[in-house]
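Worksheet: one structure, shown below.
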Amino acid sequence: MSRNDTGGAWPHVLRGVCMFLAALVSHWVSLSLWNHQGDAQMIWLPGPLLLASLLCEPRRYWFAYGAGWLVGLLALAAAWQQPMPGTVLMTLLVLMLINLAALLLGSFRRDRAIEDFPRLVSFLLVAVLLLPVATSVVMTQLTRVLPGPGWLSPSWMHIALADALGYALLTPAIVSLANPGSSLRHDALPNWNMLLTTTVALLLLWVAWRELGGVDTLRPLMVMAPVPLAIYVALRAQIPGTSIVNLVVGGMAIELSLAHEGPFAQPAAEPTAISVQLWMLGMATASLFLAALVEQRRATQRALSMSSTEVRELAGRLIVAQEQERARIARDLHDDINQRLAVASIRLSALRRKVEECNKQDVSQLQNDLIELSEDVRHLSHDLHPSMLSQTGLTAALAGLCQAQRQRHGPAIELRVSPQATDLSEDISLCLYRVTQEALSNAIRHADAKRIEVALSLGDESVDLTITDDGRGFAAQEEGHRGLGLLSIDERTKLLGGSYRLNSTLGKGTELCICIPLGPFAPPRGQA
Numbered sequence: 001m002s003r004n005d006t007g008g009a010w011p012h013v014l015r016g017v018c019m020f021l022a023a024l025v026s027h028w029v030s031l032s033l034w035n036h037q038g039d040a041q042m043i044w045l046p047g048p049l050l051l052a053s054l055l056c057e058p059r060r061y062w063f064a065y066g067a068g069w070l071v072g073l074l075a076l077a078a079a080w081q082q083p084m085p086g087t088v089l090m091t092l093l094v095l096m097l098i099n100l101a102a103l104l105l106g107s108f109r110r111d112r113a114i115e116d117f118p119r120l121v122s123f124l125l126v127a128v129l130l131l132p133v134a135t136s137v138v139m140t141q142l143t144r145v146l147p148g149p150g151w152l153s154p155s156w157m158h159i160a161l162a163d164a165l166g167y168a169l170l171t172p173a174i175v176s177l178a179n180p181g182s183s184l185r186h187d188a189l190p191n192w193n194m195l196l197t198t199t200v201a202l203l204l205l206w207v208a209w210r211e212l213g214g215v216d217t218l219r220p221l222m223v224m225a226p227v228p229l230a231i232y233v234a235l236r237a238q239i240p241g242t243s244i245v246n247l248v249v250g251g252m253a254i255e256l257s258l259a260h261e262g263p264f265a266q267p268a269a270e271p272t273a274i275s276v277q278l279w280m281l282g283m284a285t286a287s288l289f290l291a292a293l294v295e296q297r298r299a300t301q302r303a304l305s306m307s308s309t310e311v312r313e314l315a316g317r318l319i320v321a322q323e324q325e326r327a328r329i330a331r332d333l334h335d336d337i338n339q340r341l342a343v344a345s346i347r348l349s350a351l352r353r354k355v356e357e358c359n360k361q362d363v364s365q366l367q368n369d370l371i372e373l374s375e376d377v378r379h380l381s382h383d384l385h386p387s388m389l390s391q392t393g394l395t396a397a398l399a400g401l402c403q404a405q406r407q408r409h410g411p412a413i414e415l416r417v418s419p420q421a422t423d424l425s426e427d428i429s430l431c432l433y434r435v436t437q438e439a440l441s442n443a444i445r446h447a448d449a450k451r452i453e454v455a456l457s458l459g460d461e462s463v464d465l466t467i468t469d470d471g472r473g474f475a476a477q478e479e480g481h482r483g484l485g486l487l488s489i490d491e492r493t494k495l496l497g498g499s500y501r502l503n504s505t506l507g508k509g510t511e512l513c514i515c516i517p518l519g520p521f522a523p524p525r526g527q528a
């Protein structure tokens with residue numbers, strides 16, 4: 001055999017060996033919960049373990065898992081000196097049924113969790129109902145022809161319920177843990193507080209069942225006692241945690257019932273075993289639906305969080321692109337268009353000396369209009385790309401912005417800036433400048449404000465910008481119809497981990513408050 005062939009066979013061999021050991025352990029655990037008095041197996045785990053492995057792995061490994069599982073069960077039967085012909089035939093038929101169920105449940109691939117009700121219902125129908133019934137019918141029919149293993153119950157109902165419990169408790173837990181999209185693999189694992197709370201609750205449940213379970217008036221309450229714990233675990237640990245807790249609670253119910261204690265104990269052993277199995281099956285099914293609902297909700301929350309992160313990253317890139325485009329346009333206006341306007345003004349001066357006296361006034365007026373246009377282009381270039389911000393700092397840039405707005409539009413603007421504003425990063429400074437620029441524009445153009453106050457203060461953990469005007473204001477219900485300016489303010493502050501608040505009353509002005517944290521929330525340079 002070549003080295004490549006050996007390497008390719010190792011994954012199959014390893015999976016077969018692991019399944020062999022798992023089959024031994026799971027079968028031993030199943031037999032340890034055997035109700036010897038009623039001759040009923042309470043739960044069967046090897047089959048659910050194999051089904052979970054087949055659902056979680058590609059089909060090329062199914063033969064290895066099936067072979068390891070078959071050898072493990074037959075080795076244990078041989079060690080216990082069970083009738084081998086009937087045991088071999090019975091185990092082979094059960095293996096075929098499990099593989100058939102895995103094929104029917106092919107939609108439960110490793111990348112899909114049991115997180116929605118249609119898939120969960122399909123799983124319960126195939127694995128918890130049809131497969132156990134088919135297995136129990138095959139086993140009971142074979143025992144009429146060939147002697148079977150001694151641990152096998154003669155009642156098909158006991159066999160079906162034991163199988164159904166295993167498939168309802170063990171298989172979903174393994175499938176959920178193996179799924180990369182499971183919430184338990186994305187979120188933090190249950191902490192010690194949750195484990196301690198669950199342990200204490202289980203101990204209290206054990207004591208309550210043992211001491212009060214036999215009281216007839218308290219029996220219904222004792223039967224429902226595990227429900228709050230099941231809900232708590234479903235919310236914190238989803239399907240895997242729910243399955244584990246249900247297994248523990250079921251084991252407690254079985255052990256207490258075998259000792260004729262607890263709320264499920266009845267005079268005869270067989271009805272006691274059936275009542276425990278039916279109760280466990282009902283609890284497991286209800287818990288699966290609850291855990292699936294929690295899993296689906298967590299998955300939706302993760303998807304929304306990822307979408308929000310992607311949208312924010314896109315908004316950051318758009319703002320960066322916007323600033324770059326503004327800088328390019330500002331350079332074109334200043335270096336090209338404004339220079340050409342200056343050249344045109346010089347030529348008009350030369351032309352004025354050549355024209356007749358009656359036309360000089362018109363040329364002068366045209367030259368003045370051209371100079372005003374050049375001045376407007378210069379202001380526009382400065383608004384698009386405030387070079388003063390990088391050259392002299394935020395305080396001087398805000399002062400220049402307020403002065404320019406006063407000169408062009410006439411409102412009284414009062415500016416108060418903390419002396420520590422010079423220590424702010426470039427991203428925060430640019431954000432504060434753009435927010436102030438947008439707020440002043442809105443107050444002057446839309447609110448018809450006559451007086452505006454701009455206050456910038458720095459604290460130990462955040463920087464606060466407050467802009468107040470005495471304009472027209474607006475009603476609270478109109479705030480939902482935000483324009484592009486407010487959307488831009490919102491995105492800029494969120495990119496820096498900050499927030500904004502807008503307070504306005506119709507006829508009484510508007511107040512805009514910006515709060516940006518200092519330090520760890522600041523994004524990489526250029527993303528504000």
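Position 304, counted from 1, in the sequence shown is what UniProt numbering calls 304; the numbers after and before it change by one each time, with no gaps. C-beta: ideal position from N, C-alpha, C; glycine also.
Give the single residue among 246, 193, 266 whose Cα lies nearest to the Cα of residue 219.
266
Residue 438 burial status per 10 Å Cβ neighbour count (16 or more: buried):
buried
So residue 55 and residue 89 are in contact, right, with Cβ under 8 angstroms, and what is the actual spacing, rounded?
At roughly 25 angstroms, the Cβ-Cβ gap does not stay under 8 angstroms, so residue 55 and residue 89 are not in contact.
With 16 other Cβ atoms within 10 Å as the buried cut-off, status of residue 217
exposed
Have a look at residue 532 and residue 405 and give me their C-alpha separation to the nearest angstrom.
Coverage of the chain is limited to positions 1 through 528, which leaves residue 532 absent and any answer about it impossible.
Pull the bridge partners of residue 510 from the DSSP assignment, please.
469, 504
Enumerated in chain order, which unbroken segments of the alpha helix (DSSP H) with a length of 4 residues or greater are wholly contained in the segment 388-454?
394-409, 426-445
Three-state secondary structure (DSSP) of residue 146
coil
Could you tell me the boundaries of the alpha helix (DSSP H) in which residue 257 lies?
226-258
Boundaries (first-last residue) of the alpha helix (DSSP H) holding residue 53:
46-56
Short of 7 angstroms in beta carbon distance, which residues of its chain neighbour residue 147, apart from the five on each side in sequence? Order them along the chain.
83, 86
For residue 372, count neighbouring Cβ atoms within 10 angstroms of its own Cβ and tell me buried if that reaches 16, exposed if not.
exposed
Check residue 488 in the structure and name its three-state DSSP category.
helix
Taking residue 178 and residue 243 to be in contact with their CB atoms under 8 angstroms, please state how far apart those CB atoms are, rounded to whole angstroms.
Actually they are not in contact, since the Cβ atoms of residue 178 and residue 243 sit about 13 angstroms apart, beyond 8 angstroms.
By a C-beta neighbour count over all protein chains shown, 10 Å radius and 16 as the cutoff for buried, is residue 260 buried or exposed?
exposed
Residue 496 in three-state terms, based on DSSP:
coil
By how many angstroms is the C-alpha of residue 516 removed from the C-alpha of residue 440?
19 angstroms
Could you tell me how far apart the beta carbons of residue 312 and residue 495 are, in whole angstroms, since I believe they sit closer than 8 angstroms?
7 angstroms
In terms of alpha-carbon separation, which member of 91, 286, 67 lies closest to residue 124?
286
With H, G and I counted as helix, E and B as strand and the rest as coil, what does DSSP make of residue 223?
helix
Per DSSP, residue 462 is paired with what?
517
Here's the rule: buried if 16 or more other CB atoms are within 10 angstroms of the residue's CB, otherwise exposed. What is residue 529?
Look at the range of the chain in this structure, 1 to 528, and you will see that residue 529 is not part of it.
Span of the alpha helix (DSSP H) holding residue 99?
84-104
Based on the DSSP secondary-structure assignment, which residues constitute the bridge partners of residue 456?
417, 465
Any heavy atom of the ligand NAD closer than 8 angstroms to the CB of residue 364?
Looking for the ligand NAD in the displayed structure turns up nothing, as the structure carries no ligands at all.
Do three or more CB pairs link the segment 123-141 to the segment 152-167 at distances below 8 angstroms?
yes
Below 8 angstroms, how does it come out for the segment 454-469 and the segment 503-516: are there three or more Cβ pairs, yes or no?
yes
Helix or strand or just coil, what does DSSP make of residue 353?
helix
Integer Cβ distance of residue 415 from residue 399, believed to fall under 8 angstroms
6 angstroms
Buried/exposed call for residue 338, threshold 16 Cβ in 10 Å
buried
Please report the Cβ distance between residue 394 and residue 424, rounded to the nearest whole angstrom; I am assuming they are in contact, meaning their Cβ atoms lie under 8 angstroms.
6 angstroms
Selection from 31, 9, 46, 33 that minimises the alpha carbon distance to residue 21:
46
Would a C-beta distance cut-off of 9 angstroms place residue 213 and residue 271 closer than the cut-off?
no
Buried or exposed: residue 295, going by 16 or more other Cβ atoms within 10 Å of its Cβ?
buried
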